[in-house]
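Q: Can you read through this structure? Questions will come right after.
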Amino acid sequence: LAKTTQPISMDSYEGQEVNITCSHNNIATNDYITWYQQFPSQGPRFIIQGYKTKVTNEVASLFIPADRKSSTLSLPRVSLSDTAVYYCLVGETSGTYKYIFGTGTRLKVLA
Amino acid sequence: ETGVTQSPTHLIKTRGQQVTLRCSSQSGHNTVSWYQQALGQGPQFIFQYYREEENGRGNFPPRFSGLQFPNYSSELNVNALELDDSALYLCASSLQGFYEQYFGPGTRLTVT
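Just so you know, the sequences run in chain order A and B.
Letter 10 of the first sequence, counting from 1, is numbered 26 in my numbering, and no numbers are missing.
Letter 62 of the second sequence, counting from 1, is numbered 70 in my numbering, and no numbers are missing.
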C-alpha cells in the first residue's frame, strides 16, 4: 500500500500560485490520487482527482508524471480563504478498498 | 440534496466502555467509509461498507466494527475503548468505486 509524504507547511501571499507536492513511491497500478482541503473542525472537502498526466477543474490543477510516484496540486492565485490543510489521498481500488491519506500540508496565505 | 450528517457531535466516554457513532450518507450514495483523525494528524482509514458489507479495511483491530443499513446509513462501533481512541471520527459517503468522497463534520470522541 502506497505511503504518501507531503511538506508539513507552506506559506504564500495572496494572488500567488501555490504548488504542493505529494510523494507516493509505491503507488499501485489501480490507485487514483485525490486531493482534499480541510478547515479546522470540519471534514475534508474534495478538490481534484486524477490517475495520470494533468487534470484541471475550476479551482485547481493536478499534475502527475509518467511514473506516478508523485503528484502536484496547483492552486492558482490563492486568497486568504485558502488557508487550510491540504491532503493527498491514494486509493487502492483492486478488489478491496483502502485509502491512505498523506500527512497533510498546512498552507498559510498571507495578505 | 442532503449532505453527510453525523451524530453525536461530541462524546465523552470512559476507558473500557463501548461507543456507537452514526452517519447518514449523502442522497444517492451507496458507499460509506469511516476514518479516525487524531489531533494534528491526517485521517486514518478504518473501513468501508458497500451494500451492507465491509469491502475494505485499514489497520484497525477487530474492536472497531461497523454496519451499513439498507438506506446506506452506517454505524461505527468501538468496544473496550482506550485512551488512544480519542479522536475525530469522520464518515464519508460516495458512489461505489474510488470516486469523490463527501465527508461529514465528524464526531469528536474523548476517552478518559
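By construction, the Cβ of each residue, glycine as well, lies at the ideal position given by its N, Cα and C atoms.
Note that this is a predicted model, so its numbers are computed, not measured.
Which residues in chain B sit within 8 Å of residue 62/A, going by Cβ to Cβ distance?
A: Looking up residue 62/A in the first sequence gives position 46. Neighbours of residue 62/A on chain B, chain order: 108, 109 and 110.
Q: Out of 36/B, 42/B, 21/B and 117/B, which has the shortest C-alpha to C-alpha gap to residue 121/B?
A: Residue numbering for chain B in the displayed model covers 9 to 120; residue 121/B lies beyond these limits and cannot be assessed.
Q: Whose C-beta lies closer than 6 Å to the C-beta of residue 18/B among residues of the same chain, with five residues either side of it excluded?
A: Start at 1 with the first residue of the second sequence, and residue 18/B comes out as number 10. For residue 18/B, where only same-chain residues beyond five positions count, the Cβ hits under 6 Å are 116.
Q: Around the C-beta of residue 105/A, are 16 or more other C-beta atoms found within 10 angstroms, so that it is buried, or is it exposed?
A: Counted from its first residue, the first sequence places residue 105/A at position 89. Per the 10 Å Cβ criterion, buried.
Q: Measuring CA to CA, which of 20/A, 27/A, 92/A and 97/A is closest to residue 49/A?
A: What you label residue 49/A is simply residue 33 of the first sequence in a count that begins at 1. Of the candidates 20/A, 27/A, 92/A and 97/A, the one whose C-alpha sits nearest the C-alpha of residue 49/A is 20/A.
Q: Using a Cβ-Cβ cutoff of less than 7 Å, which residues in the same chain neighbour residue 76/B once the five nearest sequence positions on both sides are dropped?
A: Position 68 of the second sequence holds residue 76/B. Here the set comprises 40, 57, 60 and 82.
Q: Throw me the rounded Cβ distance for the residue 88/A and residue 42/A pair, which I believe falls under 8 Å.
A: By one-based count along the first sequence, residue 88/A stands at place 72. By one-based count along the first sequence, residue 42/A stands at place 26. With 8 Å as the limit, residue 88/A and residue 42/A do not qualify as a contact, their Cβ atoms being about 18 Å apart.
Q: Would you kindly report the start and end of the unbroken beta strand (DSSP E) that includes residue 35/B?
A: By one-based count along the second sequence, residue 35/B stands at place 27. Segment: none, residue 35/B is in no beta strand (DSSP E) and carries neither H nor E.
Q: Taking the beta carbon of residue 121/A as the centre, do at least 16 other beta carbons fall within 10 Å, making it buried, or is it exposed?
A: As a working mapping, residue 121/A is identified with position 105 in the first sequence. Buried.
Q: Run down chain B in chain order and give the residues with a C-beta less than 7 Å from the C-beta of residue 103/A.
A: Position 87 of the first sequence, counted from the first residue, corresponds to residue 103/A. Under the 7 Å cutoff, chain B gives 50.
Q: Would you kindly check if the distance between the Cβ of residue 30/B and the Cβ of residue 49/B is under 9 Å?
A: In the second sequence, residue 49/B corresponds to position 41, counting from 1. In the second sequence, residue 30/B corresponds to position 22, counting from 1. It is not a contact, given that the beta carbons lie outside the stated cut-off.
Q: Say whether chain B places a C-beta atom closer than 9 Å to the C-beta of residue 99/A.
A: Counting from one through the first sequence, the residue named residue 99/A turns up at place 83. It does not; no Cβ of chain B falls within 9 Å.
Q: Judging by CA-CA distance, which residue of 51/A, 66/A, 65/A and 64/A is the nearest neighbour of residue 51/B?
A: The residue you call residue 51/B lines up with position 43 of the second sequence. For the residues 51/A, 66/A, 65/A and 64/A, the minimum Cα distance to residue 51/B belongs to 51/A.
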